[in-house]
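See below for the structure under consideration.
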Amino acid sequence: MAKKWYMREYQNGDEKGIIEIRKEVFADDEIEKQSFDYWKWEFMDNPNGKAEIMLAFNKDDDLLIGHQAYIHHKFNKNNQVIKGSLSCDSMTRKKYRYPFMFHTIDNQCCDNLKKDGIHFKYGFGYRSGMKELSEQLGYKILGYIPIYVLPVNSSNIIKKYIKINALSFIFGLCSNVAFSALRKLFMYNVKRKKIEIVEKFDKSFDDLWEQCKNQHNIMQYRDYENLKWRFEDNPKVKYTILKCLEDDKLVGYMVLRNTNIFGLKCLIICDVLALDIDHKILANLDNAAVEYAKKNSCDLVGLMLHSHKGYSKYFKQKLYIKSPYRFSMSYGYICLEEQVVINDFYITWMDSDTI
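Per numbering that gives the first Met the number 0, the very first residue in the sequence shown carries number 0; after that it's consecutive.
What follows is the structure, encoded as structure tokens:
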């Protein structure tokens, strides 16, 4: 039987159809991704190169029915630059899910990645069925990345579960007092450092990255160029940057975003880096983030984080609770057939294509 579809690489102008299929597949999920400005920023303006995009079309009417893309990133591995590509926006229209169509366009993408010298492919997921699909596409699930949350205004969180106003008020008030007291106790001996709130990155982030890039075996580049593109240049999302300074030298940072999740006002820690994974630096950034959350009437602070070194240990010690939500990390070889485990990586929201 003749195929009812054909595939080709992205061509200028295809973005209109790509955004249309995204609206159908993902509906109102991450609605900012439905704009042309956002699409151009994410897929064309990346300092590590334009994305690898493969498309499938219906033969009868040339309707775009399938899409697979890989965004390129640089990683440091033992002081060497290696190249990884993040799978994102994997989409097929529901009425046109022909047998092996998506597998075929993904395989062609990976052939192109190999020609470009990409070392590995990876992806993050939270939907059911990820393990089976990942294995079919040549990935291995390395492990799971937890989401940690710190209640700031427990009253609004408790209201979601206790509908009786008087009870939710009492439990919320008690919880707020308890968390506040414990946080003050844990932060009692923290020496204060200078914190600046800014909206732009500068070249001092290059120096910090050079000092921090070997904290884990494999780390995505967090230099000025990549931080600026990932956060500052985003045309639809505004981020706030916390700089921790010691003798006017940058020793750590956090990137924050205000957003609404599950009906709650959340302050998301999108990325964090500290010289020597120093818990005193992290404590100053953490304190500033919580104060920022309170000032902006947030209900909780949240972060996605995997670090077998001191980062996870710090946040768990400071009452950040592991939530029931988590992301899987999938990994596949392209040009680097070397055994890796999830503990080789340092992962925050920055490493994903969300938040």
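We put the CB at the ideal spot given by N, CA and C, even for glycine. This structure is a prediction, so every number in the text was calculated from the model and none was measured.
Candidates the options, of which the one nearest residue i by Cα
i, options, result
"A288", "C269, F261 and D277", "C269"
"L274", "F230, D285 and Q214", "Q214"
"K264", "T347, L299 and A68", "L299"
"G65", "K82, F99 and S34", "F99"
"D247", "V148, L112 and I194", "I194"
"H278", "D115, E23 and V189", "V189"
"I217", "N57, D28, V339 and F56", "V339"
"K76", "G122, T103 and F344", "F344"
"K183", "K199, E290, M6 and S311", "E290"
"E245", "N233, F230, I280 and C211", "I280"
"L249", "D222, T258, F261 and P234", "D222"
"S86", "L62, G122 and N78", "G122"
"Q210", "G309, I276 and K294", "I276"
Whole-angstrom C-beta distance between residue j and residue i, which should lie under 8 Å
i, j, result
"R256", "V236", "6 Å"
"G251", "L284", "6 Å"
"G124", "S322", "That pair is no contact at about 17 Å."
"I196", "L266", "That pair is no contact at about 13 Å."
Contacts around residue i, its chain only, beta-carbon distance under 7 Å, and the 5 residues preceding and following it disregarded
i, result
"E8", "I52 and M53"
"N45", "I70, H71 and W228"
"H118", "I81, K82, G83, I333, C334 and L335"
"D105", "Q67 and L136"
"N342", "H307"
"M6", "M53, L54, A55, T103, I104 and Q107"
"N47", "H71, H72 and K73"
"L364", "No answer is possible for residue 364: the residues shown for the chain start at 0 and end at 354."
Proximal residues to residue i (C-beta, below 6 Å), its chain only, five neighbours per side dropped
i, result
"Q219", "H72, F74 and D350"
"K49", "M43"
"Y319", "Y147 and L149"
"V24", "M90"
"L166", "Reliability fails at L166, whose pLDDT of 47 lies under 50, so the model's placement of it is uncertain and the value that follows must be treated cautiously. Nothing meets the Cβ criterion."
"G331", "K120, G137 and Y138"
"S327", "G124, M129, I140 and Y143"
Identified DSSP bridge partners for residue i
i, result
"P98", "DSSP lists no partner for P98."
"Q67", "M53"
"C87", "A68"
"W38", "For W38, which the question treats as bridged, DSSP gives no partner whatsoever."
"S327", "G124 and Y143"
"I217", "K76 and F344"
"K82", "K73"
"R7", "L54"
"V300", "L149 and L266"
"A273", "G251"
"C334", "Answer is none; C334 lacks a bridge partner."
"F119", "G83 and Y332"
8 Å CB neighbourhood of residue i in its chain, flanking five on each side removed
i, result
"W38", "E14, I17, I18 and K32"
"D59", "K3"
"R191", "N283"
Below-8 Å beta-carbon distance, residue i vs any chain D residue
i, result
"W38", "In the displayed structure, chain D is absent; only one protein chain is listed."
Heavy atom of the ligand COA within 7 Å of residue i beta-carbon
i, result
"Y121", "Questions concerning the ligand COA fall outside what the structure shown contains, since it holds no ligand whatsoever."
Does the structure place the stretch 300-309 close enough to the stretch 90-100 that three or more beta carbon pairs sit under 8 Å? no
Is it a yes or a no for the stretch 10-22 touching the stretch 196-214, going by three-plus beta-carbon pairs under 8 Å? The stretch 10-22 is not in contact with the stretch 196-214.
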